[in-house]
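For reference, the structure discussed in these notes is given below.
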Amino acid sequence: MTTRSMLALALLVVLGGCLPHVDVDESLVRSPRVIAVRATPAEAAPGEAVSLEALYVGPDGTIGAAVIDWARCDARLPLAELGPINPVCLGFEDPLLVSQGLGARVDGTISREACRLFGPDPPPAQPGEPAGRIVDPDVTGGYYQPFRVIEPDDDAIVLAEVRLACGVAGATQAQASELRQRRRPNLAPRLDLVFAQRADGSDALVDPDVPLEVRVGETITLEAGWPVCPLEDVCGDTICGPDETLTTCADDCRTARGCEGAERYVRFDPEARAIVVERESMRVAWHTTAGSFEIERSGRSGADDSTYAVSRWRAPDAATTAVLWMVVRDARGGVGWTERRIVVVE
Amino acid sequence: MRVHPERASRALTLASSVAFASSLVAAPIHAQETPPTETHAPSGPQLTRAPTLVTFVPAEYPASERESGRAASVGVHVTIGVDGTVTEAVVAESAGEAFDAAALGAVRQFVFTPAEIDGVPSAIRILYRYQFTLETEVVVQPAALRGQVRARRGRTPLAGMHVTVTLADGSVREARTDEAGRFAFEDVGEGELSVAIEGENVTRVLTTETLAAGESVDVTYDVTVADPDEEEEEGDDLEIVVQAPPLRRAVVSTEVRAEEARLVPGTSGDVVRVVESLPGVARASAGTGNLIVWGAAPDETRIYVDGVPIPRLMHEGGLRSVIQPDTVRSIELVPGGYGASYGRGLGGLVSVRTETPEGDGVHGALALDLLDASGIVRGAVNDDVRAAVSARVSLIDLYAAQALGADAVAYLPIPRYRDGQARFRIALGAGESLELVGMLGSDQFQRGVPNADPALAVEERRYLDFQRVYARYTRESGDGSVISIVPYVGFDQRETATSNGEVRTSVGGETILAGLRASYRTHVTDWLSIDAGLDAEVSATTLVRRGSIGFPAREGDVRVFGQSPPDQIAADRWSAVQIGIAPYVEGDLSLADGAVHVVPGVRVDPYARSVSRRIPLEGDAPALGAFRQDFRVEPRLSLRWEPMPELALRGAVGLYHQPPRAEDLSASFGTPDLPLSQALHAVLGATVRPTETLTLELTGFFTAGDDLAMRSASASPLRAQALVASGNGRSYGAQALVRQELFEGLQGWIAYTLSRSERQDRDESAWRLSDYDQTHVLTAVLAYRIPGAELDVSLRFRYATGFPRTSVWGAVYDAASDRYTPRFGAHNGSRVPEFVQLDARIGRRFEVGDVRLDVSLEVLNVWNQANPEEIVYAPDYSARGYVLGLPILPVLGIRGEI
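Sequence order for the protein chains is U and V.
Quick note, my numbering runs 8 ahead of the 1-based positions in the first sequence.
Quick note, my numbering runs 2 ahead of the 1-based positions in the second sequence.
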């Protein structure tokens with residue numbers, strides 16, 4: 009052992025202690041479960057109807073016909089609760105759980121009080137007391153209506169959220185007005201391309217309908233790409249960006265359109281007390297029925313202009329057909345996914 | 003066997019002079035009976051070195067009283083000058099003219115080592131009781147002078163004592179006592195013999211014996227044996243009454259001197275770290291450096307250096323203290339029930355007393371080990387003026403990148419710290435001194451865990467810098483009163499920030515601190531001492547916080563290690579000015595001839611607070627500030643009863659308050675109008691001292707706090723009320739301490755604390771374990787310094803129950819964030835497994851020319867016990883494991899001094 013190695017070991021034990029290995033393979037689908045929930049539209053106003061769809065998968069692939077139980081939860085989150093949802097939402101029955109139906113895809117509605125319960129509007133005042141504390145936004149300035157989902161096979165509970173189209177808290181009237189003008193509803197992202205690169209350097213576009221063929225034990229690099237969104241507003245690109253209006257670019261903004269990639273958006277920065285323009289980060293969760301992903305989650309931060317996420321998938325040691333799902337999530341709660349099949353041969 | 007009155011009187015004059023302590027009427031304060039573990043709470047000037055009698059002159063038994071043969075006791079007020087000579091002797095308690103004159107004649111010839119108040123040679127007045135009593139049997143036999151020399155305490159024979167007899171003809175005979183302490187001079191002839199006894203650790207004593215022709219006398223001399231290492235507390239024959247005694251405000255405390263602490267394994271020579279091993283202190287999780295005393299939260303225990311508050315005791319990671327060890331004189335921990343001079347804290351009190359090192363000329367020392375390097379330069383211009391400058395800087399960060407690589411450094415929590423002091427002390431006159439001190443500490447800590455998923459990348463950053471400048475003026479008047487004034491100013495800068503993906507949370511700010519601690523202590527009468535003072539503290543804090551309200555975590559949060567904070571964010575920038583000006587007064591009533599001490603005290607603590615923002619900022623609306631004032635009266639009472647010198651029974655009760663932290667006064671993240679929290683402390687204990695160096699203590703305690711700031715449990719809390727003063731807390735238990743102070747090279751202690759710390763989030767909720775509960779904490783420290791070999795070996799064994807944790811019984815998949823959310827069992831219903839560790843240390847001192855080298859090797863976790871420090875879970879909470887603490891780790895340190 010070199011001096012450097014000994015020194016490094018000493019430092020490691022002094023500073024780091026010993027970390028256990030308690031990781032699990034989050035990518036491998038061993039049993040039926042929900043791995044994503046998509047809302048359409050991805051951002052909805054109080055009282056608005058939304059279509060909720062779960063990606064329910066099993067070891068054999070996507071399970072299309074599943075009796076999934078949906079409920080909207082209208083319970084506010086106490087400050088003392090550090091989880092994402094009020095614990096009453098994790099129950100099976102509660103007055104604050106409003107059923108949204110059964111199935112892999114249901115039509116639900118956003119609570120009419122959503123912006124009071126989960127957003128920037130003051131909650132209903134108690135008799136004799138002033139209005140209560142508003143809810144803080146997330147880092148994108150967003151607020152969310154929670155939903156509770158019960159999987160059909162094991163009654164496992166899954167949480168889902170739909171981004172709310174609410175106002176803003178803490179801003180001046182001028183800022184609030186500007187935000188209303190510049191804010192564009194989020195559009196759920198889409199993965200449109202999946203590339204596979206083999207160890208020999210050859211690559212291929214993986215077609216949704218034509219399974220890719222690999223050898224047992226082979227490792228391939230996968231890239232999942234999403235549409236390119238403009239980094240700055242250009243009138244005529246068919247996308248109405250935050251710096252464009254009907255007045256400045258009627259062609260783009262006559263019909264509000266977004267981008268299914270990493271969109272630019274505006275938010276109110278509570279620290280700087282200013283309106284700032286941000287770009288969505290994009291995350292991809294990799295799932296498979298066989299083999300294993302070297303990187304189970306990957307993505308790009310808002311500062312990264314790249315439009316794809318990368319992982320490496322190792323084929324199992326026996327011939328089979330693996331189903332791969334790539335679920336993309338943008339920073340504002342939008343969700344999309346795509347599915348590919350890989351035939352593993354001897 | 004018969005008694006010869008004249009000889010008996012002379013022999014007993016000697017014996018009674020050296021054996022008075024157990025037989026005399028107790029005076030208000032018995033310095034030599036003060037258990038080292040039972041010292042007063044930190045405050046103003048204190049007797050730090052008792053005068054030791056170095057020249058004893060026996061009193062002649064008055065001839066006029068020989069026929070009566072009666073016992074007599076003369077109390078003499080002896081004023082000892084700064085040079086140790088007796089400047090004045092006045093009879094305080096008369097036993098008749100003859101006895102008074104004899105006693106005064108002898109006492110005026112005494113010579114002492116100078117007393118020291120706060121380390122300064124000072125004039126002092128003591129009550130010396132010269133007793134002419136008949137306690138020892140003298141057997142007269144013909145033909146010789148025979149006898150035995152015994153230790154006064156325990157009446158054990160003393161071997162090797164040098165006994166010199168000067169015969170009537172001027173010839174000198176010498177003898178050494180045998181194993182039985184006996185000596186014999188045969189055929190010494192008639193007449194008056196001068197007898198001198200001296201030996202190791204025994205003050206030279208003189209007496210005379212008159213023998214008739216053909217007569218033999220058998221005498222017994224009981225002498226006091228002083229422990230050379232304990233001379234300031236044990237090495238005198240005196241019953242000392244400091245005229246302005248420091249009041250015993252704390253009935254339970256543990257004080258460790260720096261030289262004792264240095265030997266404790268695990269401290270790596272950093273003496274302040276010995277606090278971790280004291281009774282009542284829970285074992286902090288590795289790397290935190292938190293100080294948890296009697297189950298109180300770390301920020302409820304106040305930390306003082308010379309009476310000046312500092313924000314932390316340990317550097318980041320808990321590897322080092324923030325105070326350079328060469329300037330530390332002692333560390334005292336008072337877990338509760340302390341007196342009226344301290345407040346603003348619900349928990350315990352840690353007081354570090356520092357000093358400007360003594361010594362002639364200019365000296366320096368440099369220490370080096372794996373973690374850091376430190377050094378000190380000290381010098382003295384003359385006897386009155388001395389100064390010191392010290393510094394310490396971490397080294398890990400300098401070579402970690404080269405040793406581990408830049409990527410690894412990014413992962414690891416590598417502490418970067420430094421601290422330093424500059425000190426200047428001037429003696430203004432007899433008993434009067436001024437010390438100017440500047441100190442600083444700085445910590446930086448940063449690590450990051452990159453991830454291909456931007457939402458899973460984690461970064462963590464913390465820093466804390468603090469500076470303090472203070473002056474310490476001390477004046478001891480000739481009448482024994484003591485004035486102490488410590489004005490101080492300080493500045494703190496700190497920030498804690500984390501990034502969990504794109505959720506960045508941070509809280510940081512600056513605090514300007516100013517304060518004054520002043521006390522006047524005087525002895526009003528023989529039975530009453532008064533300590534009155536002022537404890538003023540003003541702080542102005544400006545804070546900036548952004549991110550999740552759930553970070554940083556608070557006591558009572560239901561969460562697990564590694565769990566991401568909520569992703570909802572807010573931001574606030576606010577300032578808070580808090581003023582506390584607390585006058586206090588305490589009296590020490592000495593009753594039953596000093597066997598009972600009643601120390602009532604009261605502290606009047608008016609608080610005023612101004613917060614810049616009452617409600618969260620809305621648009622461009624102007625900020626509306628909040629002002630609050632509270633007035634609290636804090637009564638304190640302690641009792642001490644010493645039915646016999648070896649036994650003390652103690653009790654204390656007091657009320658304590660703590661203002662909210664400035665961090666909790668945010669309109670967005672906290673509550674600007676939070677009230678004071680308060681706590682009641684009750685302590686009951688007993689101390690037994692079977693020997694002069696062995697102490698056994700048993701202390702029961704109960705603390706009850708209320709109005710503790712907790713997160714609002716309401717689903718719709720009002721604005722600016724994220725925290726509510728709804729929490730209640732209680733801690734109760736007992737601690738036992740068996741402590742052997744330095745005795746023939748051996749020292750150590752066994753401390754065991756059995757406690758339970760509970761919290762109630764709201765009045766209607768059930769009591770639960772506090773996050774800081776540790777049922778059992780056992781610490782055993784044993785150090786042995788091999789006499790003459792400059793070698794010391796020591797061991798430390800620790801056992802501690804693990805901290806409570808909330809168990810996880812499942813998880814819910816959050817499809818929105820692609821993360822799992824744990825489902826919790828009973829709040830703090832489980833624990834981290836217990837901690838067991840043995841540490842060892844061996845140190846050797848070398849003299850190389852003018853350089854003194856101290857080389858030490860510490861081996862932490864000798865048997866390589868796998869100690870779980872924290873529970874970690876798999877991302878889906880389907881599996882769990884433990885973060886383990888340090889494996890066996892040898893640490894070599896070297897320190898050179900010139």
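Here a beta-carbon is modelled for each residue, glycine too, at the ideal position from N, C-alpha and C.
All values derive from a computational prediction rather than experimental measurement.
Counting along the chain, where does the beta strand (DSSP E) carrying U:C81 start and finish?
Its beta strand (DSSP E) spans residues D77 to C81.
Taking the beta strand (DSSP E) that V:L462 belongs to, which residues open and close that run?
What sits at residue 462 of chain V in the sequence shown is Glu, not Leu. Counting along the chain, the beta strand (DSSP E) containing V:E462 begins and ends at V460 to E478.
Does V:Q423 come within less than 8 Å of chain U when only Cβ atoms are used?
Chain U, which has no Cβ nearer than 8 Å to the Cβ of V:Q423, makes this no.
Taking U:S306 as the query, report the chain V residues whose CB atoms sit under 7 Å from its CB, ordered along the chain.
Near U:S306 (Cβ distances below 7 Å), the residues of chain V are A454 and D455.
Could you name the residues of chain U that V:S880 contacts, counting a contact when the two beta carbons are closer than 8 Å?
V32, listed in chain order.
Whose CA, out of V:V864, V:D445 and V:D481, lies closest to the CA of V:P313?
Closest by alpha carbon: V:D445.
With U:L98 as the anchor, note down where its alpha helix (DSSP H) starts and where it stops.
Where U:L98 is concerned, there is no enclosing alpha helix (DSSP H), given that its DSSP letter is neither H nor E.
For U:G175, which of helix, strand or coil comes out of DSSP?
It is coil, neither helix nor strand.
Does V:L720 have its Cβ less than 8 Å from a Cβ in chain U?
With 8 Å as the cut-off, V:L720 counts as an interface residue toward chain U.
Do U:V32 and V:A459 have their CB atoms nearer than 8 Å?
Contact: no.
Are the Cβ atoms of V:T290 and V:G320 separated by less than 8 Å?
Yes, they are a contact pair.
So that I know if they touch, is there some Cβ in chain V lying closer than 8 Å to that of U:R198?
Chain V, which has no Cβ nearer than 8 Å to the Cβ of U:R198, makes this no.
Taking Cβ-Cβ distances shorter than 9 Å, what residues in chain V pair up with U:P160?
Those within 9 Å of U:P160 in chain V number zero; the least Cβ separation is about 15 Å.
Pull up the distance between the alpha-carbon of U:L60 and that of U:E186, whole angstroms please.
Near 31 Å, if we compare the C-alpha coordinates of U:E186 and U:L60.
What in chain C is Cβ-close to U:I303, meaning under 7 Å?
Absent from the structure is chain C; the protein chains it does hold are U and V.
Could you say which of V:A153, V:L213 and V:G377 lies nearest to V:V167 if we only look at CA atoms?
For V:V167, the nearest C-alpha among the options comes from V:L213.
If you reduce the DSSP assignment to three classes, tell me which class V:A429 lands in.
Three-state DSSP puts V:A429 in a strand.
Between U:T346 and the rest of its own chain, which residues show a CB-CB distance below 6 Å, the 5 nearest in sequence each way excluded?
These residues qualify, in order along the chain: L199 and M334.
Taking the DSSP output, what are the residues bridged to V:Q495?
DSSP output for V:Q495 lists V:D467 and V:E512 as bridge partner(s).
Would you please state the rounded distance, in angstroms, between the beta carbons of V:A382 and V:G361? I believe it to be under 8 Å.
6 Å between Cβ atoms; contact.
Assuming V:G847 is part of the beta strand (DSSP E), what are its boundary residues?
Per the sequence presented here, residue 847 of chain V reads as Arg, with Gly not at that position. F837 to V850 is the extent of the beta strand (DSSP E) around V:R847.
Any residues in the region 261-284 of chain U with a beta carbon nearer than 7 Å to a beta carbon of chain V? Which ones, in chain order?
Of all residues in the region 261-284 of chain U, P278 and E279 have a Cβ within less than 7 Å of some Cβ in chain V.
Report, in whole angstroms, the separation of the C-beta atoms of V:G564 and V:V587, which I expect to be a contact under 8 Å.
V:G564 to V:V587, Cβ: 51 Å. No contact.
Please report the straight-line C-alpha distance between V:D481 and V:R127, rounded to a whole angstrom.
When rounded, the distance between both Cα atoms is 8 Å.
Compare the beta carbon distance of V:G898 and V:A299 with 8 Å and say whether it is the shorter of the two.
Result no, Cβ atoms of V:G898 and V:A299 do not sit closer than 8 Å.
So which residues of chain U does V:L639 contact, with C-beta pairs closer than 7 Å?
Residues of chain U passing the Cβ test: none, with the nearest at roughly 38 Å.
Going along chain U, which residues have a C-beta under 9 Å from V:T823?
Chain U residues near V:T823: G91, P92, I93, L98 and L167.
Measuring only the C-alpha atoms, how far is V:Q495 from V:L515?
So the two alpha carbons sit approximately 11 Å from each other.
Curious, which full-length alpha helix (DSSP H) runs of at least 4 residues does the region 148-229 of chain U contain?
The qualifying runs are 181-190.
Considering only the beta carbon of each residue, do V:I844 and V:N863 sit closer than 8 Å?
For V:I844 and V:N863, no; Cβs fall outside 8 Å.
Would you call V:N384 buried or exposed, if buried means 16 or more other Cβ atoms sit within 10 Å of its Cβ?
By the 10 Å Cβ count, V:N384 comes out exposed.
Please list, in chain order, the chain U residues whose beta carbon lies closer than 8 Å to that of V:P159.
Here the premise fails: no neighbours, minimum Cβ distance about 52 Å.
Helix, strand or coil for U:A293, going by three-state DSSP, please let me know.
Three-state result, U:A293: strand.
Per DSSP, what kind of secondary structure is V:S66 in: helix, strand or coil?
DSSP places V:S66 in helix when its eight states are reduced to three.
Counting beta carbon pairs with one atom in the region 690-704 of chain V and one in the region 712-721 of chain V, are three or more of them shorter than 8 Å?
Output reads no: the region 690-704 of chain V does not touch the region 712-721 of chain V.
Considering Cα atoms alone, identify which of V:R616, V:D224 and V:P824 is closest to U:E89.
Measuring from the Cα of U:E89, the nearest candidate turns out to be V:P824.
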